[in-house]
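Quick note: the sequence shown uses the numbering used here, first residue 1, plus one each step.
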Amino acid sequence: MKLTLFNGFVLRQADLQVRVPLNCQRLIALITLRTSLTREQASGTLWPDIPAGRACARLRTALWRLRGTGRDILRSDKGQLSLDEGIEVDLRDWLAVALQVIDRPECVVTVGWAALRPCGDLLPGWYDDWVLLERERVRQLQLHVLETAADQFLRAGRYAAALELALGAMHMEPTRESAHRLVVRIHLAEGNRGEARRQFDRCHDLLIRELGVRPSEELRALL
C-alpha cells in the first residue's frame, strides 16, 4: 500500500483507493507522523477536549473500523501503535532525500532536480495542532532543501535546474529574501543583468508593500 500525505490524505492499494472514515484517516496520519504512540497518547492527541474515557472509546471505534477494511494498516505491539511496515509513505520517502541534501549538499547533482521540487502542503485543510506544527516543520525544510539544491546547481553551472528550484522556493514564500537573492545570483551567472535587476525590483517592491522593509545589504550588493 501507498500512503500520501502531501496535498491531501490518500491511501492506495495497487491502483485502488482505500476509503477510510475521517477519524481513521486522522489516526493513521498521527501514527505516521509520530512513528509510534501508546493508545493513551493517540487518543489524547486526537481528542484533547473530551474526557479520557470517551477519547479512548473513540480510538477503539476507529481501530475497529480499520480492521473492518480487511487490510493491515496499523500494528499494535506491546501497547504501541505504529504503521504497518509494508506501507510506503510519500513524506518518509521525501524526508530521506531532503535530509540527505541537508547533510551532504554536494549530492544534489546526483539526486537530480526533479526529485527536489516542491511537494505541496502536508494534509491541507487539517487544522489540528499536531498537524499545523508538522506542516510548518516540513514547509521550512522544503524551503531549505530548495535553496540548498538551487545553490549547488548554480555552482555546478546547471542554471535551468537552479532557477527552477529557486523559483519554487520563492513561490512557496514570496517574501523570502534568500530565495529572491538566489534568483538574482542565477540571472547574473547567466549574464542576464536585466533579468537580475527586474528580480531585485520585484523583491524590493514586495518587501516594502508586504513587510515595510527594504532588501538587505547582501542583496543590494549583488547589483
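Glycine included, C-beta positions come from ideal geometry on N, C-alpha and C.
- Task: For the alpha helix (DSSP H) containing L146, list its first residue and its last residue.
- Result: Taking the sequence shown and counting its residues from 1, one reaches residue 146 at position 146. From DSSP, the alpha helix (DSSP H) with L146 extends over D129 to R155.
- Item | E147 versus G53: straight-line alpha-carbon distance, rounded | Numbered from its first residue, the sequence shown carries residue 147 at position 147. Numbered from its first residue, the sequence shown carries residue 53 at position 53. If I take the Cα positions, the gap works out to 47 Å.
- Contacting residues, own chain, Cβ-Cβ under 7 Å from T175 (five flanking each side not counted): Taking the sequence shown and counting its residues from 1, one reaches residue 175 at position 175. So the list reads L206, L207, E210 and L211, once near-sequence residues are dropped.
- Query: Taking the beta strand (DSSP E) that L83 falls in, what are its first and last residues?
  - Reply: For the purposes of this step, residue 83 is taken as the residue at position 83 of the sequence shown. Its beta strand (DSSP E) spans residues Q80 to L83.
- Under a Cβ-count criterion, where at least 16 other Cβ atoms within 10 Å of its own Cβ denotes burial, should T32 be classed as buried or exposed? On the sequence shown, position 32 is the one that residue 32 refers to. Label assigned to T32: buried.
- Message: DSSP three-state label for V277, please.
- Response: This structure does not reach residue 277, given that the chain is present from 1 up to 223, and the question cannot be answered.
- Between which two residues does the alpha helix (DSSP H) carrying D201 extend? Along the sequence shown, one-based indexing puts residue 201 at 201. Start and end: R193 to L211.
- Query: Given Q25, which residues of its chain have a CB within under 7 Å of its CB, disregarding the five upstream and five downstream residues?
  - Reply: For the purposes of this step, residue 25 is identified with residue 25 of the sequence shown, where counting begins at 1. Once the five neighbours on either side are set aside, the close Cβ partners of Q25 are F9.
- Item | Range covered by the beta strand (DSSP E) that runs through S216 | For the purposes of this step, residue 216 is taken as residue 216 along the sequence shown, with counting starting at 1. No beta strand (DSSP E) contains S216, which DSSP labels as neither H nor E.
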